[in-house]
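Enquirer:
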């Protein structure tokens, strides 16, 4: 060992001890007679002292060091005159007797501080330096802690962690697979799993009634700001259970994490909200319920008074912004601009101010009397001082726009506090989604998702109305996990494939091995997968998942540190029996 | 829940309770008046009883069921008349009142018993049925338990589990990479990691001084009997440590596993044996030290007596087989055949029998007097009744052949007991290996392995004599892990690259990003990786790793259940901008 202690553990109890420390130089302060060095390692920072009077040569040596040098010192722990209460080691310092440079450092391209001056690209290229900064280190420590606690909880519930293959088989539906040419089977390819979905169902058929895995998954999608081509799931499946067993078990997991990691004790069951309610009241299938401000439908109340826009709208709805009646013209305009952004897509916004004196002022005074507007305010539960914001148009689109406006108002009013966590289950999702372009139904979750029992007759009448035994866990407006009860009955599966427009042959071709397995005694089963990167970033209070991943890729799917992907040699390509197509015409 | 209890938990304490069980039918015995069903789940087997007199309809239903049907029953726990002490639930049975078929099963293609009649191929194709068998289930449970204990131990030692990317960069040295074409970066490829070696060293530069990961690694090699294209490593790295710190820490890990998993308490430090001694005394760098039977060199004692074969040999050595002096001609011939097999490669074998009456009989009586042979026997520590087996030839090859003969004798004498575990460290490996064909040195471990300090001057005189700070952990003749102290000093690294015949440019091209990182304050570091599949199979008492992996591939790298790898569609290939080369001439 190059050290007797870490840089995070020495306190007043150690005063007088001779210790050996090793680490990186965070900062050097030359005060003439004295030189101070902050020595850093993973565990903390300890102040080193060099005294010009006592040992001028050593002090000169110390002054000649640079940031991020790796050094080893031997010295004696002493009480500090100016204690630093923000440091765990802030009561002591080390009077250095011996100094050894283990490795010098070039000048880092950005500062290794909590707030750095490095741009995104530079920090990704020098990820090993960025990872030295406290915020990133704390994220990775949190991720480690959470992974251990996930395992501790699930192991305690008799779940078995089983590794499934990374070299899988290409699946035809859904997002694009990453593929791997097989040298031993020329012309054939493995695919990297988008999730171990089929294999975990296979494991249920195999009798492993409680499976989990913290596992890498892969999707070759065009990357949005916060997607990664490889990401990590907490993947779980159970047999001989129905929906409620899953909800209780995995609510337990999330409660365990909140308790052990954040010290937050959720003693009540999580709220369960139907997809229909989530859309109607929050305009989203992942409602942020840290604040109320529910959407109120005003369609019947607002139509037929001669205001053309409303009269033509399929849907009219509003949200009540508490205490915002005094919003200025400028503020209202800003909100109007917000809802008119292409991502939100509203054509305009109507407001009704319920002023503190009880009077009403609105942008549609011409069309509605105060009494008529008062009915809306009442419906929205508005009180004097409140502001009612109203959108109209096609039902679904308007609800989503209202949902976004609600989140924007939540932000403006400081109602989305980072240290408040509001988890809930969203349930009863639609089983099928109609695709206008393809003129067919798609499975909203996946083709093995079970319908709600009482909705099964709807396969023959109105498949779009069938609710699925699917569930999402949502925390603070973020979908952290989701899953479903699976179909384990042959007949029901056939009905489902029929609804999806699959012939028996197509179903056989695409899901043959799973359907095959189901012939040999498939138990009832259900599962869930949590986005682990997302869950950690939520616990870390971050918007993005990038900084809870040690070595993330950028939006072009590149690892800037490794400079990957990269070109292969001709010899490598020949051995794999593949050719890169460079001629556009061949594509 | 479809059950109130599992099939493994009901005992006399539950007698009289009404319970609901669900599981698979292991066996049906129709005894006329009574029908018995063994109901199986992951946790055990419980006997169900159907009584013709009490409920003939239910009993008829039960008789009509088949093996591997999934059923649910409600019944009352009763004491059994004929108790089965081999079953945890053997004291009780369930008097069934209600029976529900959850799912029927086709007739399995092989029996789901501890000893099955299914061939290897069939069992891999129907892996979900094979995984129902106890031996495989116990392997996966063991694997789960071991993974959890590995994490518990390392977490307790302040190691952090950090996930490194699966989409990595192709590395030029060593085994072949699996590669992944990047759609977003046409013509470029990711590579799947053969190990996270460079990234874990990067993490040390980043200050994460105790890293581990249980991680999938990939090698596109032609598969020998017991290799898999994807395998799992316990990958570890530490900073500010030297060799002994690593040995102590990871000896601790293995001791923890033996204690918690097998109840075996290793209180003494593991033996450490130099590579030179391992080769000289055991003819192997992974000696099985469950038994002694060390190789004894006889070169100087046996040469110059006119026996041509010995006189011309570079090396002569033997092993003493205790109590085997009475081996018949046939037995000796069999051993001679064994050493002459191409894998062993000896041209013949000489024996000296030290008979119980003290007389000596050998295959070379013509050339040596009894007194001369007695000197050999003494050197080998032979006693009356023992048998000395002697091979000769080129030194290294003969030692390896003797090593194999030693293992063979160990097997024959029952000295390699499966429930005895004999771990040791092999240390002081050569740093470099000379490749005759390429006329250059290769790194025996990898190019960042540090030499033993006192051997550094040998870079200028005899590089092949340099010992590495490398170490392997060997248990019962199986290498379960290995690693090294890494070079963290620029000058030493340059010397190493020079010895390997790399120009500065080549080194930069191949290891640029790591060498770049090393400029910014690299700490001294060292690491190790354990083959997790191998370790589990050792604990399971298995020869092969295949049955400790849920979904292994066969020797052609195929997953027979998924029928993977498989062909892609033209559309997929076009999108990836690659073409499969089918014309032999283009290869």
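Chains as they are written, first to last, in my numbering: chain A, 54 to 640; chain B, 54 to 640.
The beta carbon of each residue, even a glycine, is placed where N, CA and C say it ideally should be.
Bear in mind the structure is a predicted one, so any value in this text is a computation, not a measurement.
Using a Cβ-Cβ cutoff of 7 Å, what residues of the segment 489 to 510 of chain A are near chain B? List them in chain order.
Expert: The segment 489 to 510 of chain A vs chain B, Cβ under 7 Å: nothing.
Enquirer: When DSSP builds the beta bridges, which residues end up paired with residue 368 of chain B?
Expert: For residue 368 of chain B, which the question treats as bridged, DSSP gives the partners B/446.
Enquirer: What would DSSP say about residue 63 of chain B, mapped onto helix, strand or coil?
Expert: Reduced to three states, the DSSP call for residue 63 of chain B is coil.
Enquirer: Which residue marks the beginning of the beta strand (DSSP E) containing residue 578 of chain B, and which one marks its end?
Expert: Taken as a continuous stretch (DSSP letters only), the beta strand (DSSP E) holding residue 578 of chain B covers 578 to 584.
Enquirer: Residue 447 of chain B and residue 367 of chain B look like a contact to me (Cβ under 8 Å); what is the Cβ gap, rounded to whole Å?
Expert: Right, their Cβ atoms sit about 5 Å apart.
Enquirer: Give me the subset of the segment 186 to 213 of chain A whose CB atoms are less than 7 Å from a CB atom of chain B, sorted by chain position.
Expert: Answer in chain order: 193, 194, 197, 200, 201, 204, 208 and 213.
Enquirer: Count Cβ pairs between the segment 488 to 504 of chain A and the segment 551 to 568 of chain A that sit closer than 8 Å; are there 3 or more?
Expert: Yes: at least three Cβ pairs fall under 8 Å.
Enquirer: Please classify residue 542 of chain B: does DSSP put it in a helix, a strand, or coil?
Expert: DSSP places residue 542 of chain B in coil when its eight states are reduced to three.
Enquirer: Ends of the beta strand (DSSP E) at residue 622 of chain A?
Expert: Looking at the DSSP string, residue 622 of chain A is not in any beta strand (DSSP E), and its letter there is neither H nor E.
Enquirer: Anything in chain A within Cβ reach of residue 574 of chain B, meaning under 7 Å, just list it in chain order.
Expert: 77, 121, 122, 123, 156 and 158, listed in chain order.
Enquirer: Check residue 468 of chain A in the structure and name its three-state DSSP category.
Expert: Note: residue 468 of chain A maps to coil in three-state DSSP.
Enquirer: I'd like to know whether the C-beta of residue 215 of chain A is nearer than 8 Å to at least one C-beta of chain B.
Expert: With 8 Å as the cut-off, residue 215 of chain A counts as an interface residue toward chain B.
Enquirer: Who pairs with residue 76 of chain B in a beta bridge, going by DSSP?
Expert: According to DSSP, residue 76 of chain B bridges with B/124.
Enquirer: How do the segment 293 to 313 of chain A and the segment 277 to 284 of chain A stand: do at least 3 beta-carbon pairs fall below 8 Å, yes or no?
Expert: No contact exists between the segment 293 to 313 of chain A and the segment 277 to 284 of chain A.
Enquirer: Is there at least one non-hydrogen atom of the ligand ATP closer than 7 Å to the beta-carbon of residue 184 of chain A?
Expert: Within the structure as shown, the ligand ATP is missing, as the structure has no ligands at all.
Enquirer: Taking C-beta pairs closer than 8 Å, name the residues in chain A that residue 240 of chain B reaches, listed in chain order.
Expert: Under the 8 Å cutoff, chain A gives 620, 633 and 635.
Enquirer: State the beta-bridge partners of residue 496 of chain A as determined by DSSP.
Expert: Paired residue(s): A/485.
Enquirer: Quick check: what's the CA-CA separation for residue 459 of chain A versus residue 334 of chain A?
Expert: Each residue's alpha carbon lies about 10 Å from the other.
Enquirer: Distance, Cα to Cα, residue 348 of chain A vs residue 297 of chain A?
Expert: Computed Cα separation, rounded: 28 Å.
Enquirer: State the beta-bridge partners of residue 535 of chain B as determined by DSSP.
Expert: DSSP output for residue 535 of chain B lists B/525 and B/582 as bridge partner(s).
Enquirer: Closer than 8 Å by beta-carbon distance: list the chain A residues that pair up with residue 282 of chain B, in chain order.
Expert: Those are 220, listed as they occur along chain A.
Enquirer: For residue 211 of chain B, count the other beta carbons within 10 Å of its own beta carbon; 16 or more makes it buried, fewer makes it exposed. Which is it?
Expert: Exposed, by the Cβ-count rule.
Enquirer: Looking at the strands, I want to know which residues DSSP matches up with residue 87 of chain B.
Expert: Answer is B/104, bridged to residue 87 of chain B.
Enquirer: Cβ of residue 342 of chain B less than 8 Å from any chain A Cβ?
Expert: No - not a single Cβ of chain A is within 8 Å of the one on residue 342 of chain B.
Enquirer: At a Cβ cut of 7 Å, what residues of the segment 583 to 610 of chain B count as close to chain A, listed as they run along the chain?
Expert: Residues passing the 7 Å Cβ filter: 603, 604, 609 and 610.
Enquirer: Flag residue 99 of chain B as yes if its beta-carbon sits less than 8 Å from any beta-carbon of chain A, otherwise no.
Expert: Not closer than 8 Å to any Cβ of chain A, the Cβ of residue 99 of chain B fails to qualify, so no.
Enquirer: Between the beta-carbon of residue 331 of chain B and the beta-carbon of residue 533 of chain B, is there less than 8 Å?
Expert: No, these two residues do not count as a Cβ contact at 8 Å.
Enquirer: Just verifying my parser: in three-state terms, what is the DSSP assignment at residue 266 of chain B?
Expert: Strand.
Enquirer: In chain order, which continuous runs of the beta strand (DSSP E) of length 3 or greater are located wholly inside the segment 272 to 300 of chain B?
Expert: The qualifying runs are 283 to 292.
Enquirer: Determine whether the Cβ of residue 258 of chain A lies closer than 8 Å to any Cβ atom of chain B.
Expert: At least one chain B Cβ lies under 8 Å of residue 258 of chain A.
Enquirer: Since residue 261 of chain B meets chain A, which of its residues come closer than 8 Å, beta carbon to beta carbon?
Expert: Result: 95, 184, 190 and 193.
Enquirer: Let's see if you can read the secondary structure: which residues bound the beta strand (DSSP E) around residue 148 of chain B?
Expert: Element bounds for residue 148 of chain B: 145 to 156.
Enquirer: Give me the chain A residues within the contact set of residue 58 of chain B, using Cβ-Cβ distance strictly less than 7 Å, ordered along the chain.
Expert: Chain A residues near residue 58 of chain B: none, gap ~11 Å exceeds 7 Å.
Enquirer: Starting from residue 347 of chain A, follow the alpha helix (DSSP H) in both directions and report where the run begins and ends.
Expert: Run containing residue 347 of chain A: none; DSSP gives neither H nor E here.
Enquirer: Does the distance from the CB of residue 454 of chain A to the CB of residue 399 of chain A come in under 8 Å?
Expert: Taking 8 Å as the Cβ cut-off, residue 454 of chain A and residue 399 of chain A qualify as a contacting pair.
Enquirer: Three or more C-beta pairs closer than 8 Å, one from the segment 176 to 186 of chain A and one from the segment 608 to 616 of chain A: is that the case here?
Expert: Yes: at least three Cβ pairs fall under 8 Å.
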